[in-house]
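Under full-length UniProt numbering, the first residue of the sequence shown carries the number 1, and numbering increases by one thereafter.
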Amino acid sequence: MEKAKCYNCQKMGHFARECTEPKKAKRATHPLELVHSDICGPMNVRARHGAFYFLTFIDDYSRYGGDGLHAKNNVWELVDLPAGRKTIGNKWVLKVKRKADGSIDKFKARLVAKGYTQREGIDYEETFSPVVRFASVRLILAIVAHLDLELFQMDVKTAFLNGELDEEIYMDQPEGFQEMGQKRKVCRLKRSVYGLKQSSRQWYYRFHRAITSMGLRWLRRITVCMSREYQSNPGPDHWVAVKRILRYLKGTSDLALCYHGGSLRLVGYSDADGSADRDERKSTSGYAFLLGGAAITWCSKKQPCISLSTMEAEYVACTSAVQEAIWLRRFLKSLRISAHINDAVVIYCDNTTTIAYAKDPKYHGRTKHIDTRYHFIRDSVAQGEVVLRHIPTNDMIADPFTKPLRRDAFHRHVSSMGLRRI
1 MEKAKCYNCQ KMGHFARECT EPKKAKRATH PLELVHSDIC GPMNVRARHG
51 AFYFLTFIDD YSRYGGDGLH AKNNVWELVD LPAGRKTIGN KWVLKVKRKA
101 DGSIDKFKAR LVAKGYTQRE GIDYEETFSP VVRFASVRLI LAIVAHLDLE
151 LFQMDVKTAF LNGELDEEIY MDQPEGFQEM GQKRKVCRLK RSVYGLKQSS
201 RQWYYRFHRA ITSMGLRWLR RITVCMSREY QSNPGPDHWV AVKRILRYLK
251 GTSDLALCYH GGSLRLVGYS DADGSADRDE RKSTSGYAFL LGGAAITWCS
301 KKQPCISLST MEAEYVACTS AVQEAIWLRR FLKSLRISAH INDAVVIYCD
351 NTTTIAYAKD PKYHGRTKHI DTRYHFIRDS VAQGEVVLRH IPTNDMIADP
401 FTKPLRRDAF HRHVSSMGLR RI
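(1) Are the CB atoms of residue 424 and Asn351 nearer to each other than 8 Å?
(2) Tell me whether the beta-carbon of Tyr357 lies closer than 8 Å to the beta-carbon of Thr319.
(3) Hey, would you say the C-beta of Thr284 is under 7 Å away from at least one heavy atom of the ligand SAH?
(4) In angstroms with no decimal places, state the Cα-to-Cα distance between Val186 and Ile122.
(5) Whose C-beta lies closer than 6 Å to the C-beta of Lys197 among residues of the same chain, with five residues either side of it excluded?
(6) Does residue 431 come out as helix, strand or coil in the three-state DSSP assignment?
(7) By how many angstroms is the C-alpha of Trp239 removed from the C-alpha of Thr353?
(8) Select from His413, Lys95, Lys99 the residue whose C-alpha is nearest the C-alpha of Phe107.
(9) Under 8 Å between the Cβ atoms of Tyr194 and Gly418?
(10) From the DSSP output, read off the bridge partner residues of Ala113.
(11) Check whether the segment 136-147 touches the segment 168-187, counting contact only when three or more Cβ pairs, one atom from each stretch, lie closer than 8 Å.
(12) When DSSP labels each residue in this structure, what does Asp360 get in the three-state scheme?
(13) How big is the Cα-Cα spacing for Glu168 and Thr212?
(14) What did DSSP end up calling Asp395 once you bin it into helix, strand or coil?
(15) Going along the chain, which residues of its own chain have a beta-carbon closer than 8 Å to the beta-carbon of Pro400, five neighbours each way excluded?
(16) How many whole angstroms separate the CB atoms of Ser380 and Ile326, which I take to be in contact at a CB cut-off of 8 Å?
(17) Got a sec? Which residues, its chain only, sit under 6 Å from Arg138 by beta carbon, not counting five neighbours each side?
(18) I need the DSSP call for Ile337, collapsed to helix, strand or coil.
(19) By DSSP, does Ile104 sit in helix, in strand, or in coil?
(20) Rounded to whole angstroms, what's the CA-CA distance from Asp237 to Ile245? Just pull it up for me.
(21) Using a threshold of 8 Å, state whether the C-beta atoms of His390 and Ile355 are closer than that.
(22) So residue 444 is in the beta strand (DSSP E); what residue range does that whole segment cover?
(23) For Gly268 and Gln173, what's the separation of their Cα atoms in angstroms?
(24) Starting from the Cα of Val93, find the closest Cα among Arg110, Ala135, Ser283 and give me that residue.
(25) Nearest to Thr372 by alpha carbon, out of Val316, Lys333, Ser416, Ile422?
(26) Between the beta-carbon of Thr402 and the beta-carbon of Ala272, is there less than 8 Å?
(27) Between the Cα of Leu151 and the Cα atoms of His340, Lys157, Ala142, which residue gives the shortest distance?
(28) Does the beta carbon of Gly268 come closer than 8 Å to any beta carbon on chain C?
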């Protein structure tokens, strides 16, 4: 059989030779890995089209890191360091971003300022920036499922570099990006690079201005926490509990909340155990609120006080649930989507004495010691913002947040909260 001939050689009239296998490019798999290759060029002989060729190397990490530092972002300007001012350092954080199958997607290099060297009152003033509550996100998802809407999400490239700084901050020139002939100069920051204490706040201000300019307006875990208490001196029982947590996480990793477009009537469940904590004798409060067929917010928290009766523990738990219910109700009301926005939020409780005490403002000798702040529930019931109703203990969805249950009861309540295997 005749061997394959090189097509280019035949076309250009050269002596025919055997085709050679294409060379595979050698790429570094981690930062600073040494790559060996033959270096050639620049060539002294011109090619047919009059061009010269030479071989060069490009560092993947530096190439990607420079994307956000070009002049178009106007991140900094090189100036002389003023007298009496100090610079803050920086470093490169390198990361390999992989695809779902484990293959390399791209290399990421992020320049991070050493914000821990900043001085309050000089390099920054305020650092607070609002963060979205997951309850708000789930509430929106429930509305989207109910109305069969299209949901879009967005991401901002180099988000923090969009924030404009109000303070004068000077930073050393980053390694690998020193300007030739200006190595003694420093960077006067114009944008909030990653690592600065005020970066998140400045980005929030920029994002707020952007979305308001488009017409948008403002609308006015249990076992793990318990195990942390003993991490300084854990015993065999604590190790058993931690291993059980890991098994539980592995067995529930495929569970997800499924909003199937059910009713947009907000419903809550409140429960408490009876001083089950053997160390402090405090009770645990738990509540869950459902909207659109699944839970949108829930809580399991140890009460700050010692309750003298089951009724008192349930009363304290209901107060926390009422606070959450009022916030959710006002949030829904501001959206003006649900037909039930003016209806009182129904909160189910399995203790009839608690419900009676919340509705009856008369004096009771056995409850006179309850702190005044927990009587907030009475005012909310009187104003018609919430309604307390009784439910059998077997149907109390918030039970898993307060105490261990039988397997069948636990799975029944989990299913009632909208959790499904995916």
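Every residue, glycine too, gets a C-beta built ideally from N, C-alpha and C.
So, from the listed chains and residues:
(1) With the chain represented from 1 up to 422, any question about residue 424 goes unanswered, as that position is not in the structure.
(2) no
(3) Absence of the ligand SAH is noted for the structure shown, with no ligands found whatsoever.
(4) 17 Å
(5) Here the set comprises Gly115, Gln118, Tyr124, Thr127.
(6) No answer is possible for residue 431: the residues shown for the chain start at 1 and end at 422.
(7) 40 Å
(8) Lys95
(9) no
(10) Note: Ala113 sits in a beta bridge opposite Asn90.
(11) no
(12) The three-state reading of DSSP puts Asp360 in coil, since its state is none of H, G, I, E or B.
(13) 27 Å
(14) helix
(15) Same-chain partners within the cutoff: Gly286, Phe410, His413, Val414.
(16) 6 Å
(17) Ile296
(18) coil
(19) In this structure, DSSP gives Ile104 an extended state, which the three-state scheme calls strand.
(20) 13 Å
(21) Cβ distance < 8 Å, so His390 and Ile355 count as in contact.
(22) With the chain covering 1 to 422 only, the question about residue 444 has no answer from this structure.
(23) Those two C-alpha atoms are separated by around 55 Å.
(24) Arg110
(25) Val316
(26) Cβ distance < 8 Å, so Thr402 and Ala272 count as in contact.
(27) Ala142
(28) Among the chains in the structure shown there is no chain C, since it carries only a single protein chain.
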